[in-house]
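Quick notes on the structure that follows.
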């Protein structure tokens, strides 16, 4: 099949081409198209998000494991996890990962963003990003003044009816942690209710919040089942993309800019396939180098977590609802009324705590679940149970994304990218995880759980020594599915930076990256909220608008953090 020349007339032309209809890409499409003079073309390799399994919040563990909606990536064997290959779900559907994720809404800690600014991402401190969070939010509850109430993204809390949620929060208070009324407000640290991107019993993805309203505008076009092979350049300027659409190679031209919003896996892979990346790697694959940027595909970060699980003495957990007959009843009720167990992600309580004194802000996240089960839906208890998902927030381990082989015909990637997280490669990772297990056990041991507590299912009471804990961590730690950092944002003088603080790819023109790949460092908690925020803020940079007025209010900080763990 002959490849179209970039000097030939394009099949389709637009002012802006957005590659990827995920969390950031949907927000970008909506904001860029508000001015009807801007034509916006959104390219998505996946298809429609119309299926009920996507829209029903409780079904996320199903869609996360479906090839129809997931890219199906797996890591290379991880040497510090016993050679295990870790699943890396990424959304391949309208809405991207916001259509298959667990829907937990976390902004990140203010000090995360202050760290971004200090590392060279000027204009991205917490005072700079807070106004964008408020612009995007329609929070139903939360701390007045700190939260947005008329944005497109609905954020709600669960009913909290299950008595195990209250037991968890009360046990945290008994352990010495403060109950925080809104971890997305002035104070993240503590235990309390979790928030979710669910509205009226339905997943409120970036597609539902942003893309579908934008798609009604005449200046927005969406192409699904469209795989982008690489970016076309004229000299050092990005001018279009080569795509595969309905069995044909097509060339699509952008008159103003191309914006990659294709994920922390696919955005660096597309850059490298197009000649922007580590020169030695590209030379080895026979790819002409347009810009030698060593940081492309480097700085890969993620959150690992594990489960601390107990059997439950009372029949109040969700385990009795995990059989196929019960799931069918739940699904039918949700289809008929949008209510019931299908209308929540069941992560309705959790917290952020510090693993030890001397840590300035929380470095452990807890999701509490009134069931004993895994992300893939497999149960750990034959009866009833409950668990904490707990893990460190700021691992010092770093990994890489690389192309999987030489390009095939017409420049198409020959294989999926290789993903090496290099999990648990830093000594502090192990001590943080041990602390996490011990602190979780301490909370579960408090009086609030006395009416419910039975045997510890995992790690199991026999796992007590550091060595035994390390073996358990090596065999059982799982990804929280928060990859980021592979197109790091920083100052143009930083040789490891890929994009500048306006999200422009350094060394070329007409090309930006706007998604979680630009995070200099990973943020506390789930990454969907900061990814959407990046799309919101980047839209103003792209349009040349003045940033929203900084908000300099001061978030809460534990006064004696240097000497006290709680």
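Numbering (our numbering), first residue to last: 17 to 582.
Here a beta-carbon is modelled for each residue, glycine too, at the ideal position from N, C-alpha and C.
Pairing residue 519 with residue 257, the inter-Cα distance amounts to about 19 Å. Contact between the region 541 to 555 and the region 42 to 54 is present, with at least three C-beta pairs closer than 8 Å.
Close CB contacts of residue 310 within its chain, under the 7 Å cut and outside five residues either way in sequence, are with 294, 511, 512 (chain order). Beta-bridge partners of residue 398 (DSSP): none assigned. Residue 47 sits buried, since 16 or more C-beta atoms from the chains shown fall within 10 Å of its C-beta. According to the DSSP assignment, residue 91 belongs to no beta strand (DSSP E), since it is labelled neither H nor E.
Counting along the chain, residue 154 sits inside no alpha helix (DSSP H); it lies in the beta strand (DSSP E) bounded by residues 153 to 155. Looking at 542, 537, 67, 582, the one whose alpha-carbon comes closest to that of residue 119 is 542. DSSP places residue 557 in the uninterrupted alpha helix (DSSP H) bounded by 544 to 559. Taken in chain order, the whole alpha helix (DSSP H) runs of length 4 or more contained in the region 303 to 353 are 340 to 353. Look at the region 34 to 95 and you find these whole runs of alpha helix (DSSP H), each 4 residues long or longer: 39 to 48, 68 to 71, 76 to 79. According to DSSP, residue 100 shares a beta bridge with 94. Excluding residues up to 5 positions away in sequence, 123, 164, 549 lie with their Cβ nearer than 7 Å to the Cβ of residue 149 in the same chain.
Shortest Cα-Cα distance from residue 403 to any of 410, 457, 377, 74 involves 457. Residue burial annotation: residue 287 is buried, with at least 16 other C-beta atoms found within 10 angstroms of its C-beta. Shown here, residue 254 sits in a strand according to DSSP, grouped into three states. Excluding five sequence positions before and after residue 101, the CB atoms of its chain that fall closer than 6 Å to its own CB belong to 90, 91, 93, given in chain order.
If you ignore the 5 residues before and after residue 98, its C-beta comes within less than 7 Å of the C-beta of 490, 491, all in its own chain and listed in chain order.
Sequence-distant partners of residue 246 (beyond 5 residues in either direction) whose C-beta falls short of 6 Å from its own C-beta, in its chain, are 258, 289, 290, 427. The continuous alpha helix (DSSP H) containing residue 188 extends over residues 179 to 190.
Taking residue 305 as the centre and dropping the five residues before and after it, the same chain places the C-beta of 291, 295, 298 closer than 6 Å to its C-beta, in chain order.
Cβ atoms of residue 400 and residue 330 come within 8 Å of each other, at about 7 Å. A Cβ-Cβ distance of about 19 Å is found for the pair residue 495 and residue 210, leaving them out of contact under the 8 Å criterion. In the structure shown, residue 437 adopts coil according to DSSP, grouped into three states. Burial is judged here by how many other beta carbons sit within 10 angstroms of a residue's own beta carbon; residue 192 has fewer than 16 and is exposed. Under the three-state reduction of DSSP output, residue 294 falls in the coil class, being neither helix nor strand.
Here the alpha carbons of residue 64 and residue 480 stand approximately 48 Å from one another. For residue 127, the enclosing alpha helix (DSSP H) begins and ends at 126 to 134. With a beta-carbon spacing of about 5 Å, residue 153 and residue 167 fall inside the 8 Å limit used to define contacts.
At a Cβ-Cβ threshold of 8 Å, residue 381 and residue 363 do not count as neighbours. Within the DSSP secondary-structure output, residue 215 pairs in a beta bridge with 218. Residue 265 has 260 as its beta-bridge partners, per DSSP.
Residues 292, 523, 524 of the same chain have their beta carbon placed closer than 6 Å to that of residue 307, with the five preceding and five following residues left out of the count.
The DSSP-derived three-state label of residue 115 is helix.
Contact between the region 344 to 359 and the region 72 to 79 is established, with three or more Cβ pairs separated by less than 8 Å. Inter-residue distance for residue 169 and residue 502 is about 26 Å (C-alpha atoms, whole angstroms).
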